[in-house]
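Letter 62 of the sequence shown, counting from 1, is numbered 63 in this note's numbering, and no numbers are missing. We put the CB at the ideal spot given by N, CA and C, even for glycine. Report on the structure given below.
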Amino acid sequence: MTEHSVWRISLAHKIDPAFTANPKVEACFVFGSAALGISDQYSDLELAFIWSYLPSVEELRATAQNVGVNGWEIEPYGEAKQAWLEQFYMNGMKVEAGHWARETIDNVVIDVVEQYDVSQNGLLFEKQAIASHLQRAVVLHGKDIIKQWQNQLSPYPEELAVAMVQKHLKFRPFDGQHILTDRCEIPMLYENNCAIVRWLLNMLFGLNRIYHPGFKWTRYFVEEMNIKPSDFFARLERVFQSDAASGTRELRQLADETFDLVEQCLPQVDLKQQRETFNRLYPRWKLPVNG
């Protein structure tokens with residue numbers, strides 16, 4: 002655990018009592034980079050508070066004033082807006098505090114492990130991210146509640162792995178990337194590369210039975226994966242750091258290897274049509290010889 006993580010968790014222990022003194026707060030935990038033990042000098046402190054029911058803005062403002070924080074802000078959190086996200090500064094550190102009702106988290110866990118939820122809010126698999134936070138939480142208060150959710154989340158459902166892979170079987174013909182490379186259409190090439198890389202990562206999170214935590218700290222989560230193309234992260238870096246033609250070839254190889262892993266690990270997923278689409282070549286037209 003980095004020293005930055007230790008310091009942030011120590012600060013969390015100082016903040017926690019001001020909230021957990023309220024009997025409606027049932028649990029509190031650290032999540033994000035501090036909980037993972039990988040915080041650096043740029044990292045915020047991320048806290049989650051679980052309430053018997055969602056507090057009002059006025060109630061949270063009063064608590065913040067009692068604690069004596071600076072720069073307090075609050076906004077609805079998430080697509081469903083069934084939570085609050087506070088931001089404030091304490092001891093010079095930026096703190097992001099999420100506030101959820103216990104019933105909301107109960108429903109999120111059920112959606113993930115029983116309904117195999119793969120919905121996204123933008124790029125974020127919001128419900129799976131909450132599941133990931135719960136699994137990796139540094140619990141400050143309400144250990145029994147968090148443990149109950151952790152038990153529900155384990156093991157990762159096979160059906161969710163299948164759903165994560167099937168959701169991303171929408172790759173277009175990769176020949177389009179070669180065309181963009183030949184034309185030196187660099188902005189569009191790299192925009193497409195980013196989308197392809199995200200889809201590959203999303204599939205690998207499913208194959209590895211890891212609740213999708215989002216795309217921050219990708220290197221850390223890739224290191225956790227046992228099922229992945231060899232030297233996966235180093236090769237991802239080469240996609241973006243080498244010349245366009247070399248990066249395009251590398252990405253094609255990574256995609257093919259990921260498809261191979263899907264067929265090995267989830268044989269119930271049919272990749273025949275996806276491979277045919279991915280391998281399809283766009284037509285080329287030559288100028289007529291006689292004008």
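| message | When you compare the stretch 10-22 with the stretch 56-73, are there three or more beta-carbon pairs, one atom per stretch, that lie closer than 8 Å? | response | Proximity of the stretch 10-22 to the stretch 56-73 meets the contact definition, three or more beta-carbon pairs being nearer than 8 Å.
| Where does Met2 fall in DSSP's three states? | If DSSP states are grouped into helix, strand and coil, Met2 belongs with coil.
| request: Please check the pair Gly207 and Leu125, which I expect to be a contact at CB under 8 Å, by giving their CB distance rounded to whole angstroms. | output: With 8 Å as the limit, Gly207 and Leu125 do not qualify as a contact, their Cβ atoms being about 16 Å apart.
| task | On a CA-only basis, which of Val163, Leu282, Gly69 and Trp286 is nearest His179? Give me that one, please. | result | Its Cα nearest to that of His179, the residue Leu282 stands out among Val163, Leu282, Gly69 and Trp286.
| query | Between the C-alpha atoms of Glu87 and Trp73, what's the straight-line distance to the nearest angstrom? | reply | C-alpha separation (whole angstroms): 7 Å.
| field | 8 Å Cβ shell around Ala245 - same chain, five flanking residues per side excluded | value | For Ala245, where only same-chain residues beyond five positions count, the Cβ hits under 8 Å are Thr182, Cys185, Ile187 and Leu190.
| message | Let's see if you can read the secondary structure: which residues bound the beta strand (DSSP E) around Asn209? | response | Following the DSSP letters along the chain, one finds Asn209 in no beta strand (DSSP E), marked with neither H nor E.
| request: Let me know the secondary structure DSSP gives Phe216 once reduced to three states. | output: Reduced to three states, the DSSP call for Phe216 is coil.
| query | What residue from Leu170, Trp8, Trp52 and Gly143 has the CA that sits closest to Asp257's CA? | reply | From the listed residues Leu170, Trp8, Trp52 and Gly143, the smallest Cα separation to Asp257 is found for Leu170.
| query | Who pairs with Tyr90 in a beta bridge, going by DSSP? | reply | BP columns for Tyr90 point to Asn71 and Lys95.
| field | Leu86 CB to nearest heavy atom of the ligand FAD below 7 Å | value | Of ligands this structure carries none, so the ligand FAD is not represented either.
| request: Note the first and the last residue of the continuous beta strand (DSSP E) segment covering Val270. | output: Taken as a continuous stretch (DSSP letters only), Val270 belongs to no beta strand (DSSP E), as it is neither H nor E.
| message | Just to confirm, is the Cβ distance from Phe30 to Ala138 under 8 Å? | response | In contact: Phe30 and Ala138 (Cβ atoms closer than 8 Å).
| said: Let me confirm a value: Glu127 is counted as buried when at least 16 other C-beta atoms fall within 10 Å, else exposed. Which label applies? | reply: So Glu127 counts as buried.
| field | Residue interval of the beta strand (DSSP E) (run including Phe241) | value | Run containing Phe241: none in the beta strand (DSSP E); it sits in the alpha helix (DSSP H), Phe233 to Gln242.
| request: Using only alpha-carbon positions, find the residue among Arg210, Lys273, Ile197 and Val263 that is nearest to Leu237. | output: The candidate whose alpha carbon is nearest that of Leu237 is Ile197.
| Whose C-alpha, out of Glu160, Gln254 and Thr3, is nearest the C-alpha of Asp232? | If you compare the alpha carbons of Glu160, Gln254 and Thr3 with that of Asp232, the shortest gap goes to Gln254.
| Roughly how many angstroms separate the alpha carbons of Phe234 and Thr219, rounded to a whole number? | The alpha-carbon atoms of Phe234 and Thr219 are separated by roughly 9 Å.
| request: Could you check what DSSP says for Glu27 in three-state terms: helix, strand or coil? | output: Glu27 falls in the strand class under three-state DSSP.
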